[in-house]
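Structure record follows, encoded as structure tokens.
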Amino acid sequence: MAEINWTALIVFILLFGFITWLGFAAARWRKGDLDLLHEWGLGGRRFGTVVTWFLVGGDIYTAYTFIAVPALAFGAGAVAFFAVPYTILIYPLLFLVFPRLWNVCHKHGYITAADFVRGRFGNRWLALAITLTGIVATLPYIALQLLGIQVVVGALGVTGSGLAADLPLIIAFGVLAAFTYSSGLRAPASIAIVKDILIYVATFAIIIVVPLKLGGFGKIFAAVPAGKVLLAVPGDHTTGAYSSYATLALGSALALFLYPHSMTAILSANSSHAIRRNAAILPGYSFMLGLLAMIGLFVIAAGIADMPAYAPGFKHYGSNFAVPALLLHIFPSWFVGVAFAAIAIGALVPAAIMSIAVANLYTRNIHREFINRSPSDKQEAQMAKWVSMIAKLGALIFIIFVPTKYAIQLQLLGGIWIIQTLPAVMLGAYTRWFNDWALLIGWAAGTIAGTAMAIVSNLTPTFALTVGGHTFPGYSALYTVLLNLLIAVVLTPVFNGLRAARLDETAPADYFAG
Amino acid sequence: MNGAQKKEKASWWYLLFVLQYLVILWPPFYNKIEPTLIGLPFFYWFQLLWVIVSAVFTAVVYWATRGSR
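Take a look at the structure:
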């Protein structure tokens, strides 16, 4: 990595410059009064089916996904393909649950999941738990997006020591912060369109060119060690890799749309029909993610990790360097610039949406609820703009000064924490049966148990649950949300016996379109 | 799930989602090399195919339940 790849760097900078302009220009797109929080933070709920497709796609298939999923395949083999069942499982959930949530949120002007829970269950402490979980789970996720930028900038050969090494990241951050502040959700929505086109082009180029160069898929898979091609068949008295695979997919799927940034992207749609239609067309991204996961195996087959030219990169970035190394190895410099720009821009889109989501949560559910109960519209929007800035600055400081592995581990814990909001948010969309205090205790129990399981498993996602001599390795998030739910179900009749009041400002009809 | 909600009719079409879930959540079903497709092991091409199948399922459910909403 001693030399700067000038052609790639220039293409990269040109594309980055273009989206910077686009991000600022976006303020004038479907113009609204950006002094209103729902205009700044939800794009005025004006995005139709197509823009929602790009926005949600850009939001949940992040730069980190494009780096980390192939990296996991490169390191661990077939288990990384759980990303495919995961993205298959999310769409029925999106189709069934989220149109209801969109309808009720639209009706009552809710802009966060915590707003909904506050209105549905009338309990500010339960809403606070949802808010804090959302904020804490999202912050390390923003940091990981910046990590994606760091890896590709390093791969371009831009290196230095001290503060100079982090300069490109600081510039990217400055750009991101400035256009998010000025344009709100419109910025990532417009940039997502450019980013996705670039990502699609890059992925299909890899999937076509690499097998041609390596002599076809048959040869590629023959060159991958047998243990990495398939899941290990479980031994006696354990469900082994099978239950890990299935629970990782299911748990991740249940968690995904509970993340504040997913909720922000979904709520910005202009109708619940746009959400339903998206459940059918978003799998376009899942297919691409599956192709990307296989790219990790291509890197093994091409023997790139053993080449001296890429050794420093792998040493510095670990298996996260797999995709950049493959791109550098296979493609001409100008295309490397395009592909790397796709990854870096792919980091800006979710990072912007995440910081907006955190800002919405803080402004609505902490500041307005506990500090200033009656802000003017303008004060509220201004507060959100500043908080989004602070959230990104925190992520930047984190990624510069804290070792990467902590960001990854915190993001793992974030998944376990965010799923604990499922009973209140997703089941809350269907029923007011649960008692609010029972939900809060279930949430606390799930959060504590999930954190403990993750620590016992050395901060890996799967916990080896043992029952009667049989072991069921599985995703801690899924196990603990079941515990959470069980506690909420058992305690609901108990609390209902103690307290008669059941506050619910939503009506059954609010959950339907029209 | 709530008796008061008369507008939502459970549709048989939602069973497609159940099928979609059951197949993909049972890894022993697809954790194999053969049959391969253009050199891809079954494990890979089947799951990619299932992405497309589930998108079609969702589209079918969308069209089939559209009128009842």
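Protein chains in written order, with the numbering used here: chain A, 217 to 730; chain B, 130 to 198.
Ideal Cβ placement from N, Cα and C applies to all residues, glycine included.
- Contact annotation: the segment 522-539 of chain A touches the segment 282-302 of chain A, with at least three C-beta pairs closer than 8 Å.
- The residue among A:L629, A:A527 and A:A457 with its C-alpha nearest the C-alpha of L446 of chain A is A:A457.
- Contact holds between the segment 486-493 of chain A and the segment 298-315 of chain A, because three or more Cβ pairs, one in each stretch, are under 8 Å apart.
- Only those residues of the segment 275-309 of chain A whose C-beta falls short of 8 Å from the nearest C-beta of chain B are listed: A294, F297, V300, P301, T303, I304, L305, Y307 and P308.
- Ranked by Cα distance from I632 of chain A, the options A:N576, A:G257, A:T647 and A:L470 are led by A:L470.
- Under DSSP, no beta-bridge partner is assigned to T647 of chain A.
- P689 of chain A carries a strand assignment under DSSP once its states are collapsed to helix, strand and coil.
- With the criterion set as a beta carbon lying under 9 Å from some beta carbon of chain B, the segment 680-709 of chain A has no members that meet it.
- The shortest CA-to-CA distance from L543 of chain A to any of A:I422, A:F586 and A:H686 is the one to A:I422.
- According to the DSSP secondary-structure assignment, T454 of chain A is paired through a beta bridge with A:T687.
- Membership of R493 of chain A in the alpha helix (DSSP H) is indicated by the continuous run S488 to I497.
- The three-state reading of DSSP puts L505 of chain A in helix, counting H, G and I together.
- Scanning chain B for C-beta atoms nearer than 7 Å to the C-beta of R493 of chain A yields Y191, reported in chain order.
- A residue is called buried when at least 16 other Cβ atoms come within 10 angstroms of its Cβ; I226 of chain A does not meet this threshold and is exposed.
- With contacts defined as CB atoms closer than 8 Å, L513 of chain A and I436 of chain A qualify as a contacting pair.
- Here A563 of chain A really is in contact with I365 of chain A; their C-beta atoms are around 5 Å apart, less than 8 Å.
- Proximity of the segment 325-341 of chain A to the segment 517-529 of chain A falls short of the contact definition, fewer than three beta-carbon pairs being nearer than 8 Å.
- In the DSSP assignment, the residues bridged to T678 of chain A are A:Y691.
- The beta-carbon separation of A345 of chain A and W550 of chain A, rounded to 50 Å, does not stay under the 8 Å limit for a contact.
- Inter-segment contact for the segment 679-688 of chain A and the segment 619-630 of chain A is absent: fewer than three beta-carbon pairs are separated by less than 8 Å.
- The alpha-carbon separation between I235 of chain A and I407 of chain A amounts to approximately 6 Å.
- Residue pairing by DSSP places F263 of chain A opposite A:A485 in a beta bridge.
- For S183 of chain B, the chain A residues whose Cβ falls inside 7 Å of its Cβ are I304, Y307 and P499, in order along the chain.
- Given a length threshold of 4 residues, each whole run of the alpha helix (DSSP H) inside the segment 397-443 of chain A is given here in chain order: 402-430 and 433-439.
- What W179 of chain B touches in chain A, judged by beta-carbon distance under 9 Å, is V300, P301 and I304, going in chain order.
- By the rule that beta-carbons nearer than 8 Å mark a contact, L446 of chain A touches chain B.
- T696 of chain A has its alpha-carbon roughly 36 Å from the corresponding atom of Y416 of chain A.
- Contact residues of the segment 149-177 of chain B toward chain A are Q149, Y150, I153, L154, W155, P156, P157, N160, K161, I162, T165, I167, G168, L169, P170, F172, Y173, Q176 and L177 (C-beta to C-beta distance below 8 Å).
- Considering only beta carbons, the part of the segment 500-516 of chain A lying closer than 8 Å to chain B consists of G500, S502, F503, G506, L507 and M510, in chain order.
- Boundaries cannot be given for S590 of chain A, as no alpha helix (DSSP H) includes it and DSSP labels it neither H nor E.
- For M642 of chain A, there is no enclosing alpha helix (DSSP H), as DSSP marks it with neither H nor E.
- A contact is defined here as three or more CB-CB pairs under 8 Å, and the segment 553-563 of chain A fails this definition with respect to the segment 237-244 of chain A.
- CA-to-CA, the gap between G467 of chain A and E219 of chain A works out to about 43 Å.
- DSSP, reduced to helix, strand and coil, places L719 of chain A outside both helices and strands of the structure shown, so it counts as coil.
- Residue range F171 to T194 is occupied by the alpha helix (DSSP H) that includes I181 of chain B.
- Contact annotation: V368 of chain A and A560 of chain A have beta-carbon atoms nearer than 8 Å.
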